[in-house]
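Beneath this line is the structure, given in structure tokens, with notes to follow.
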Amino acid sequence: MSSAPSPGFRRLAGATVAATFFLIVLGGLVRVSDSGLGCGPAGSGLAGWPLCRGDVIPTLELQTVIEYAHRATASAVAVLMLALALWARRAHRSQRGLARATLVASGLVIAQGLLGALTVELNLDALLVALHLGLAMLLLALVIYVWRASRPDVIGAPPAGGGALLRRLATASAATILLTIVAGGYMAGTEHNGRSDEATTAGAHYACGTDFPLCNGSLLPFGQTTLADVHLTHRALMYLASALVVALAVVALRRRPDRAVVRSALGALALLIAQVLVGAANVWVPTESEPLILVHLTLATLLWAQLIELRLRLSPVPSPPPPAQPAERREALVA
-12 MSSAPSPGFR
-2 RLAGATVAAT
8 FFLIVLGGLV
18 RVSDSGLGCG
28 PAGSGLAGWP
38 LCRGDVIPTL
48 ELQTVIEYAH
58 RATASAVAVL
68 MLALALWARR
78 AHRSQRGLAR
88 ATLVASGLVI
98 AQGLLGALTV
108 ELNLDALLVA
118 LHLGLAMLLL
128 ALVIYVWRAS
138 RPDVIGAPPA
148 GGGALLRRLA
158 TASAATILLT
168 IVAGGYMAGT
178 EHNGRSDEAT
188 TAGAHYACGT
198 DFPLCNGSLL
208 PFGQTTLADV
218 HLTHRALMYL
228 ASALVVALAV
238 VALRRRPDRA
248 VVRSALGALA
258 LLIAQVLVGA
268 ANVWVPTESE
278 PLILVHLTLA
288 TLLWAQLIEL
298 RLRLSPVPSP
308 PPPAQPAERR
318 EALVA
């Protein structure tokens, strides 16, 4: 058993990271193209999932194709994740963190599929939409960890310095960004996109009008309406996340524990600035812009991935124990 996974395992882990990222962005395309119910209306049962309009291969209507492509990509991610888990169990069981991460990620893929089916069955319920997005982000974090833990230059190497403050800021930044993304997913779930009752669904997107950073003339006027509170929760979390990421970049620049850490922190700050500007543009534009919404999700996913990668740099990946010698194995069997 080798001390580090093979290049093939690392390539498979990298492909799984890329496929998971693409799956999240494709999920955003499903949302902005009103394709969430492209395989059948809510309450379709098995005809709507796992089948699509009652068929294994559906007709080539645009919304159906987009939803079906999302499901096909999810199936590909599931196959990749299962292959990683089996490979890790057979060849790299001594790397317990890596092996466990592949098992947990495989479980998350299954949970995601079932949650996706429930989301469609229950007419794209806002809470389920948010949970679906949150689980996707956790899955991305796990496969990033698996990819990093498979690199020979990382296994057994000391973590980057910077002290407890930098680690805490990185953890808090990532956690708050995740909450911001989930809150944004819930806000998106209140919109009419793809729902059978879209004519009666207003949504929280313009609950603050076209005001940013203010909301109807005030900074955070909670209590006006339920939809405004949904919108403001997303904004409040974004303000907190922004403060944490700025603090993270400042501490990284002052302590300079490692060039890669400083680059990652500054990269996260740049992504945050771009994300805030795109989010503001989504509000300032008087009608919903599908490309802007999709870019907003893509930048959020990149920012989350950047913060996860940075946090992982600040923690060690332990070396697996050396393989037991023949004499040691005999003694273990006797004992």
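The opening residue of the sequence shown carries number -12 in the numbering used here; numbering runs sequentially from there. By construction, the Cβ of each residue, glycine as well, lies at the ideal position given by its N, Cα and C atoms.
At the C-beta level, L299 and Y132 come within 8 Å of one another.
In the three-state DSSP reduction, S93 falls in the helix class (H, G or I). Take P(-8), set aside five residues on each side of it, and the residues of its chain with a beta-carbon closer than 6 Å to its own are H79 and S137, in chain order.
A direct Cα-Cα distance of roughly 6 Å separates I142 from P305. Nearest neighbour of R(-2) by Cα position, chosen from L256, L153 and W134, turns out to be W134.
The distance from the Cβ of G27 to that of R40 is about 5 Å, consistent with a contact at the 8 Å cut-off. Here I295 is not bridged, per DSSP, to any residue. Between L102 and A157, the gap from beta carbon to beta carbon reaches 8 Å or more.
The residues P200, in chain order, have a CB closer than 8 Å to that of L206 in the same chain once the five nearest residues on each side in sequence are set aside.
Taking the C-beta atoms as reference points, T167 is found no nearer than 8 Å to H218. Using a Cβ distance threshold of 8 Å, A287 and G171 count as a contacting pair. Ranked by Cα distance from T177, the first of V43, V116 and L85 is V116. In the structure shown, the three-state DSSP call for D216 is helix. The C-alpha of A151 is placed about 9 Å away from the C-alpha of L301. Across the structure, S160 and R58 are spaced so that their CA atoms are roughly 31 Å apart.
In the structure shown, I168 adopts helical secondary structure according to DSSP, grouped into three states. Residue state for I44 is assigned as coil, using DSSP reduced to three classes. Of the residues A215, Y173, A123 and T274, the one whose Cα lies closest to the Cα of V12 is A123. Contact between A239 and A252 holds: CB atoms are separated by about 4 Å, below the 8 Å threshold. Around the Cβ of P307, a 10 Å sphere holds 16 or more other Cβ atoms; the residue is buried.
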